Each structure stands twice: as structure tokens, then as C-alpha cells.
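Engineer:
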Amino acid sequence: EREQQVNMVSYLNVGSAWGVAAGNPKNFEPSNPCGATIAVQTGTAQEEYAAALSDACVAAGKEKITVMPHELQTDIATKLIGGQYDSTVIGYTSSQSAGKIEQLGDTFESAPQGVAVAKDDAQLAEAVQKAMQYLMDNGYLNDILASYGAENAALTTAALNPTVD
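Taking my numbering, the leading residue of the sequence shown gets 78, the next gets one more, and so forth.
1) Is the CB-CB distance between T170 and H147 below 8 Å?
2) Throw me the rounded Cβ distance for the L232 and N101 pair, which I believe falls under 8 Å.
3) Exposed or buried, which one is N84 when buried takes at least 16 other CB atoms within 10 Å?
4) Relative to the ligand FMN, is the shortest distance from any of its heavy atoms to the C-beta of T114 smaller than 7 Å?
5) Decide if F185 is buried, meaning its Cβ has at least 16 other Cβ atoms within 10 Å, or exposed.
6) Measuring alpha carbon to alpha carbon, tell me which residue in G216, A127 and N219 is nearest P107.
7) On the DSSP letters alone, give me the boundaries of the alpha helix (DSSP H) that D198 sits inside.
8) Compare the beta carbon distance of L237 and A202 with 8 Å and say whether it is the shorter of the two.
9) Just to confirm before moving on: does the CB-CB distance between A99 and G176 stay below 8 Å?
10) What is the rounded straight-line gap between the Cα of V86 and the Cα of G138?
11) Please return the same chain residues whose Cβ sits closer than 8 Å to the Cβ of T155, not counting the five positions on each side in sequence.
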């Protein structure tokens, strides 16, 4: 839908991952989140995902997930470290927690992300694509993303309007 209005130059693939307080003191099990209390950032795909997951739990006759939306990821991190919640967005937060937050399992619900460029500015779209490819080819994008604990999210090709499943 977005590509109908803008050109997109892909540069990373990101998704969600479960995060818990170090040692998983509440024994959260990603394959069975029903009955858990999960923190999400307001207005994100993870908020929608958690609500749909809760609905699936209820439909299966299991306990609903209590979804706790917060405006700031930092608020989620504080409550996660304190053992109040589990969370679905954790890469950067975990890397900044000095070992107090850990990721459980692999990243899920992944999709390429990109730089949006006005649809009628093909020259700028090409320039952004070439610049992103340069960053990728020389390892600079990995270095930048490593600061956020997301170096594994970097793509190797800056595609213009990539196909997204």
C-alpha cells in the first residue's frame, strides 16, 4: 500500500522477538503466551500482533493475554527488568540493559524496512538506493545497526520497492 504513494529503498529486515527479565523468572514460554502479561509500544505492529494472539488464545479456550501498551520503550524496559511484563520488541533494549533483559527464541513477523522517497522523484530514489548499497557493501550499515543490537537485521541489497510477502 505504501509503495503506491512512495518509492521504498530497503535496508534492513526487522521483526519482533520475545524479551524477558534475565533468567526468565516467570518461566515465559513463547510457544504458549496465553495468560501472560505482555508490554508493547502503543501504535505498533506488536500491539496489533499481541491483541490477535490474545484473541487466538481465547478462541482456543485458553486464558487471554493481558496487553499493556506504553508510549515509550524505556517504560517497558523498566517494567520488564522488574519482572512485571514480557515484551515483543527487545533487540536494542536488551543490548542496553547490561544483561538484565534477554531475548527468548528467534525474531518473528519480520519484514524489510526502507527509506521512503517521493514517488515522483526517481533521481532521489536512485541516489538513496546507491548510498544505502554503499553502506551495505562497506560494512558501515552493520556498524551503525550494531549500536542498537540489530546488526543481524542489515540486508545485503538495497532494493527499490522490494516485494514483501
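Where a beta carbon is used, it is the ideal one built from N, C-alpha and C, also for glycine.
Treat the numbers as computed from the prediction; the structure is a model and nothing was measured.
Structural biologist: Straight from the coordinates:
1) no
2) Not confirmed; about 31 Å, so no contact.
3) buried
4) For the structure depicted, the ligand FMN is absent and the ligand set is empty, with no information on it obtainable.
5) exposed
6) A127
7) Note, D198: premise wrong, no alpha helix (DSSP H); not H, not E.
8) yes
9) yes
10) 43 Å
11) none
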